[in-house]
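Counting in numbering that gives the first Met the number 0, the sequence shown runs from 0 upward without gaps.
Note that CB positions come from ideal geometry on N, CA and C, so glycine has one too.
Here is the structure we will look at.
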Amino acid sequence: MLTDPLPELGDVHLDLALAEASSSSSCISDHSNESLNDTSPSLDDVVDFIYSEMENLDPITDGIPQIDIDQIIMLQTMPPLPIEFKHRKPALPIKTRRTPKFSLVLDLDETLVHCGLEEFQDASHKFHVRFDSADYLISVRIRPFMQEFLEALCDRFEIILFTASKKIYADKLLDILDPHKRYFRHRLFREHCVMINGNYVKDLAILGRDLAKTVIIDNSPQAFAYHLDNGIPIESWFDKSTDCQLLELIPFLQSLLDADDVRPVIRERYRMREVISGGNPFSECQQLL
Numbered sequence: 000m001l002t003d004p005l006p007e008l009g010d011v012h013l014d015l016a017l018a019e020a021s022s023s024s025s026c027i028s029d030h031s032n033e034s035l036n037d038t039s040p041s042l043d044d045v046v047d048f049i050y051s052e053m054e055n056l057d058p059i060t061d062g063i064p065q066i067d068i069d070q071i072i073m074l075q076t077m078p079p080l081p082i083e084f085k086h087r088k089p090a091l092p093i094k095t096r097r098t099p100k101f102s103l104v105l106d107l108d109e110t111l112v113h114c115g116l117e118e119f120q121d122a123s124h125k126f127h128v129r130f131d132s133a134d135y136l137i138s139v140r141i142r143p144f145m146q147e148f149l150e151a152l153c154d155r156f157e158i159i160l161f162t163a164s165k166k167i168y169a170d171k172l173l174d175i176l177d178p179h180k181r182y183f184r185h186r187l188f189r190e191h192c193v194m195i196n197g198n199y200v201k202d203l204a205i206l207g208r209d210l211a212k213t214v215i216i217d218n219s220p221q222a223f224a225y226h227l228d229n230g231i232p233i234e235s236w237f238d239k240s241t242d243c244q245l246l247e248l249i250p251f252l253q254s255l256l257d258a259d260d261v262r263p264v265i266r267e268r269y270r271m272r273e274v275i276s277g278g279n280p281f282s283e284c285q286q287l288l
């Protein structure tokens with residue numbers, strides 16, 4: 000883990016100073032950081048294929064990332080949300096008639112990208128951040144299928160980027176990933192999180208949105224500890240070129256658009272409450288709790 004002063008920029012719980020905290024599932028094809036090219040199947044074809052495969056999934060284990068023991072302990076020991084955080088004003092403007100009915104909240108580091116201070120030979124982007132009178136060069140890897148994922152969902156969901164990293168870092172990165180602001184309608188940063196037991200937790204109440212129509216995807220389940228039935232865990236991504244978790248999530252997210260309330264559907268699929276209690280066979284702590 001990199002040391003002072005850089006941990007102040009990113010999530011203090013990850014091994015890279017500027018990152019917040021690989022899928023073992025097989026991917027349709029090897030995919031690097033490039034978008035689908037003309038010789039590849041169309042995104043619609045790929046999504047249709049995944050839809051067909053979903054019928055054969057084991058509802059208990061397939062497509063669900065393993066939650067490690069440290070994360071489960073953090074969730075088990077999470078206290079109630081302190082009273083001073085229960086009456087915060089919404090950070091987002093009121094929805095307009097043109098805003099999609101459903102909101103999709105996305106984490107940044109290790110969910111969509113992986114960044115570091117060391118120079119990545121396979122970096123898709125590099126940018127500078129100035130912090131405490133020092134200039135730092137950040138290397139960026141983009142998770143496979145990130146652009147396809149965002150493109151497939153941005154017109155159906157109000158996509159909100161919610162990161163535990165500082166604005167000075169995340170804003171620069173998002174300006175690279177989404178220069179025309181097509182995908183992310185809103186950006187929330189560390190100052191919008193609540194600090195609980197040393198963890199940056201994302202209280203979705205700050206969105207001012209209907210939680211029956213809100214989904215959050217994060218590689219750190221403790222980030223959505225107060226909204227387990229809204230949360231979809233995803234494995235942390237660093238550099239695996241064959242990862243396709245974002246692609247595989249598209250059909251499930253699209254299926255939520257037909258739900259009156261996404262929470263029972265997510266609860267049945269991901270069973271986070273069972274994971275915390277130790278009753279879920281895909282949790283690492285089943286034999287330990």
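In terms of Cβ geometry, H124 and I141 form a close pair [threshold 9 Å]. Between L80 and the set I66, D217, T213, M194, the nearest pair of CA atoms involves M194. Of the residues L245, L103, I167, the one whose Cα lies closest to the Cα of D131 is I167.
Under the three-state reduction of DSSP output, E109 falls in the coil class, being neither helix nor strand. Residue burial is scored here from C-beta neighbours: G197 has fewer than 16 other C-beta atoms within 10 angstroms and is therefore classed as exposed.
Beta-bridge annotation (DSSP): I66 is not paired with any residue. Under the three-state reduction of DSSP output, I137 falls in the strand class. Residue burial annotation: D202 is buried, with at least 16 other C-beta atoms found within 10 angstroms of its C-beta.
Pairing D121 with E190, the inter-Cα distance amounts to about 31 Å.
Comparing C-alpha distances from H185 to each of K88, I63, P92 shows the shortest one belongs to P92. Note: C114 is bridge-paired with V139 in the DSSP secondary-structure output.
Counting only residues of its own chain and dropping the five nearest sequence neighbours on each side, S235 has a CB closer than 6 Å to the CB of E109, N218. Note that the C-beta distance between L149 and L107 is not below 9 Å. Per DSSP, the continuous beta strand (DSSP E) segment holding M194 begins and ends at 193-195. The alpha carbon of V104 has as its nearest neighbour, out of L116, Q70, V214, D177, the alpha carbon of V214. Comparing alpha carbon positions, the residue from Q253, Q244, A258 closest to M145 is Q244. Only residues of its own chain outside the window of five on either side were considered, and among them D228 have a CB closer than 6 Å to the CB of R266, listed in chain order.
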